[in-house]
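**Student:** The structure that follows is given in the form of structure tokens.
So, in structure tokens, the structure goes:
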């Protein structure tokens with residue numbers, strides 16, 4: 001008799017709980033359906049956005065696809081696409097780490113005034129990025145600093161450290177270059193800037209041979225190097241980077257255009273094979 005009572009109780013319990021389960025299932029089903037509906041409407045909203053006439057269609061489609069795949073940043077851009085240019089979209093697509101900087105592009109006029117002091121630790125060679133909001137939307141030469149400011153940013157890293165002077169900002173060095181006609185329109189910063197700026201600030205500079213042994217020797221002596229790069233791992237056209245030291249037999253690189261490349265250690269031979277000029281700095 002006890003077993004029969006247990007069976008009856010279980011059946012009653014199941015009958016009592018069944019409506020609850022059905023209600024919960026109905027609620028979840030409704031939530032899922034509602035979520036799917038809004039997701040579909042969201043996709044339709046993005047897909048309905050058309051490319052402005054002055055934008056490159058391929059760049060537009062890449063940003064739109066990223067937005068459809070769930071990128072919040074790309075979604076913000078695509079919904080405000082008329083505020084963006086081909087240059088800034090191409091800049092973003094080369095490196096997704098630039099998203100926060102690019103999202104400020106519509107408000108770029110708010111960042112025309114560059115910071116007058118560096119907010120970095122000068123106990124070691126600081127890492128500075130040319131597309132920092134502190135100066136990236138100022139102008140240098142015939143473009144924005146984020147596009148052309150690699151050389152002044154490199155010397156700012158080196159001079160601020162060697163002189164222990166946080167006022168030696170990328171913007172101040174860019175001003176020096178422009179005042180002395182050391183920016184060449186359509187080309188970039190003149191190599192003479194790398195020596196003339198050092199003379200101006202009282203920093204020792206010497207040209208060294210382009211070789212792995214020269215790089216290793218200079219860095220071993222505590223010197224800091226600016227390297228002019230040819231197309232390869234660091235650039236498609238031309239670029240300046242800082243060789244800040246040696247670690248585990250490899251080179252510590254401060255690439256002003258790429259925090260991610262600056263987080264890696266680089267082989268001496270890789271650096272030297274892509275270098276066309278070297279300047280070593282010291283006190």
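Numbering (full-length UniProt numbering), first residue to last: 1 to 283.
Yeah, the Cβ is synthetic: ideal placement off N, Cα and C, and Gly gets one too.
Predicted model only: the values in this text are computed from it and were never measured.
1. With distances taken from CA atoms, which of 233, 278 and 236 is nearest residue 243?
2. Out of 231, 253 and 236, which has the shortest C-alpha to C-alpha gap to residue 127?
3. What number of angstroms, rounded off, separates the C-alpha of residue 37 from the C-alpha of residue 61?
4. Let me confirm a value: residue 117 is counted as buried when at least 16 other C-beta atoms fall within 10 Å, else exposed. Which label applies?
5. Taking buried to mean at least 16 other C-beta atoms within 10 Å of its own C-beta, is residue 96 buried or exposed?
6. Taking only the alpha-carbon atoms, compute the straight-line gap between residue 139 and residue 59 and give it to the nearest angstrom.
7. Give the DSSP-derived three-state secondary structure of residue 189 in the structure shown.
8. Are the Cβ atoms of residue 214 and residue 271 separated by less than 8 Å?
9. Here's a check: name, in chain order, each residue in its chain whose Cβ is nearer than 7 Å to the Cβ of residue 90, leaving out the five neighbours to either side.
10. May I ask which residues mark the beginning and end of the alpha helix (DSSP H) holding residue 73?
11. Excluding the 5 residues preceding and the 5 following residue 201 in the sequence, name in chain order all residues of the same chain whose CB lies nearer than 8 Å to its CB.
12. Between the alpha carbons of residue 187 and residue 129, how many angstroms are there, rounded?
13. Buried or exposed: which applies to residue 50, given that a residue is buried once 16 or more other Cβ atoms fall within 10 Å of its Cβ?
14. Could you give the residue range of the beta strand (DSSP E) that holds residue 281?
15. Kindly provide the ranges of any alpha helix (DSSP H) runs that are 4 or more residues long and lie completely inside the region 87–174, ordered along the chain.
16. Should residue 239 go down as buried or exposed, given a rule of 16 or more other Cβ atoms within 10 Å for buried?
17. Taking residue 276 and residue 233 to be in contact with their CB atoms under 8 Å, please state how far apart those CB atoms are, rounded to whole angstroms.
18. Is any non-hydrogen atom of the ligand FMN found closer than 7 Å to the C-beta of residue 156, if you look at the structure I gave you?
19. Between which two residues does the alpha helix (DSSP H) harbouring residue 63 extend?
20. With residue 221 as the anchor, note down where its beta strand (DSSP E) starts and where it stops.
21. Taking 8 Å as the cut-off, decide whether the C-beta atoms of residue 241 and residue 255 are in contact.
22. With distances taken Cα to Cα, identify the nearest neighbour of residue 80 among 235, 55 and 69.
23. Could you have a look at residue 43 and say whether DSSP puts it in helix, strand or coil?
24. Sort 151, 70 and 106 by Cα distance to residue 141 and report the nearest one.
**Tutor:** The relevant details are as follows:
1. As a first step, residue 243 must be located in the chain shown, where it is residue number 243. Ranking the options by Cα distance to residue 243, first place goes to 278.
2. By 1-based counting over the chain shown, the position of residue 127 is 127. If we check each option's Cα against that of residue 127, 253 comes out closest.
3. The residue given as residue 37 occupies position 37 in the chain shown. The residue given as residue 61 occupies position 61 in the chain shown. Caution applies to residue 37, whose pLDDT of 49 falls short of 50 and renders its modelled position unreliable; the value that the coordinates give is listed next. Distance between the alpha carbons of residue 37 and residue 61 is about 24 Å.
4. Within the chain shown, numbered from 1, the residue matching residue 117 stands at position 117. The residue is exposed, with fewer than 16 neighbouring Cβ atoms inside 10 Å.
5. Along the chain shown, one-based indexing puts residue 96 at 96. When all chains shown are included, residue 96 counts as exposed.
6. Taking the chain shown and counting its residues from 1, one reaches residue 139 at position 139. Taking the chain shown and counting its residues from 1, one reaches residue 59 at position 59. Cα-Cα distance, rounded: 24 Å.
7. One-based indexing of the chain shown puts residue 189 at position 189. It is a strand residue.
8. Here residue 214 refers to the residue found at position 214 when the chain shown is read from its first residue. Here residue 271 refers to the residue found at position 271 when the chain shown is read from its first residue. No, these two residues do not count as a Cβ contact at 8 Å.
9. Numbered from its first residue, the chain shown carries residue 90 at position 90. Shown here for residue 90: same chain residues with a beta carbon closer than 7 Å to its own, the five before and five after excluded, namely 59 in chain order.
10. Residue 73 sits at position 73 when you count from the first residue of the chain shown. Run containing residue 73: 72–79, per the alpha helix (DSSP H) assignment.
11. Along the chain shown, one-based indexing puts residue 201 at 201. Correct list, in chain order: 159, 163 and 168.
12. In the chain shown, counting from the first residue as 1, residue 187 sits at position 187. In the chain shown, counting from the first residue as 1, residue 129 sits at position 129. If I take the Cα positions, the gap works out to 20 Å.
13. As a working mapping, residue 50 is identified with position 50 in the chain shown. Residue 50 comes out exposed.
14. Along the chain shown, read from residue 1 onward, the residue named residue 281 stands at position 281. Residue 281 -> beta strand (DSSP E) spans 275–282.
15. Whole alpha helix (DSSP H) segments, 4+ residues: 99–103, 145–148 and 150–163.
16. Here residue 239 corresponds to residue number 239 of the chain shown, with the count starting at 1. Burial call: buried.
17. Taking the first residue of the chain shown as 1, we reach residue 276 at position 276. Taking the first residue of the chain shown as 1, we reach residue 233 at position 233. Your pair residue 276 and residue 233 does not check out as a contact, with CB atoms roughly 14 Å apart and the cut at 8 Å.
18. This structure does not include the ligand FMN; it has no bound ligands of any sort.
19. In the chain shown, residue 63 corresponds to position 63, counting from 1. Element bounds for residue 63: 57–68.
20. One-based indexing of the chain shown puts residue 221 at position 221. Boundaries for residue 221: no beta strand (DSSP E) harbours it, and the DSSP string shows neither H nor E there.
21. Within the chain shown, numbered from 1, the residue matching residue 241 stands at position 241. Within the chain shown, numbered from 1, the residue matching residue 255 stands at position 255. Yes, the Cβ-Cβ distance between residue 241 and residue 255 is below 8 Å.
22. By 1-based counting over the chain shown, the position of residue 80 is 80. When only C-alpha atoms are compared, the closest one is 55.
23. Here residue 43 refers to the residue found at position 43 of the chain shown. The DSSP-derived three-state label of residue 43 is helix.
24. Your numbering for residue 141 matches position 141 in the chain shown. Residue 141 has its Cα closest to that of 151, out of 151, 70 and 106.
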